[in-house]
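Asker:
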Amino acid sequence: MEVETVVGGKTCPICGGDNNCGNVAGKLHGTCWCDKEVFPQGVFENIPSNSTTKSCICQSCLEKFKKGNLSEATL
1 MEVETVVGGK TCPICGGDNN CGNVAGKLHG TCWCDKEVFP QGVFENIPSN STTKSCICQS
61 CLEKFKKGNL SEATL
């Protein structure tokens, strides 16, 4: 079984794109886009089980999940 590694915390574990994490970029705590968002528990169930590093879900995947279109976000 091949294991995918999310590199540096900047990669969305769902789509593989840049998650634009303000915390990883060194911005002040509370200024990241995600600080104003609600993450439904179900969105985390879309993270592949072979992802070995924790990193933030990107805004695009979050919005697609909320609209019921997450399959469009995955590679």
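Residue numbering for the sequence shown follows UniProt numbering, starting at 1 and increasing by one per position.
All residues carry an ideal CB built from backbone N, CA and C; glycine is no exception.
1. Which residue's Cα is closest to the Cα of Val43: Cys58, Lys36, Cys12 and Phe65?
2. Which residue marks the beginning of the alpha helix (DSSP H) containing Phe65, and which one marks its end?
3. Kindly confirm or deny that the stretch 44 to 53 and the stretch 19 to 29 touch, where touching means at least three C-beta pairs closer than 8 Å.
4. Going by Cα to Cα distance, which pick from Glu37, Lys27 and Ile47 is closest to Val11?
5. By Cβ distance, which residues of its chain are closer than 6 Å to Cys58, with the 5 residues on each side in sequence left out?
Answerer: Reading off the structure:
1. Taking Val43 as reference, the option from Cys58, Lys36, Cys12 and Phe65 with the minimal CA-CA separation is Phe65.
2. Note, Phe65: alpha helix (DSSP H), Gln59 to Lys66.
3. The stretch 44 to 53 vs the stretch 19 to 29: no contact.
4. Val is not the amino acid found at residue 11; the sequence shown has Thr there. Nearest of Glu37, Lys27 and Ile47 to Thr11, Cα basis: Ile47.
5. Closer than 6 Å at the Cβ level, and outside the excluded window around Cys58, lie Cys12, Gly17 and Asn19.
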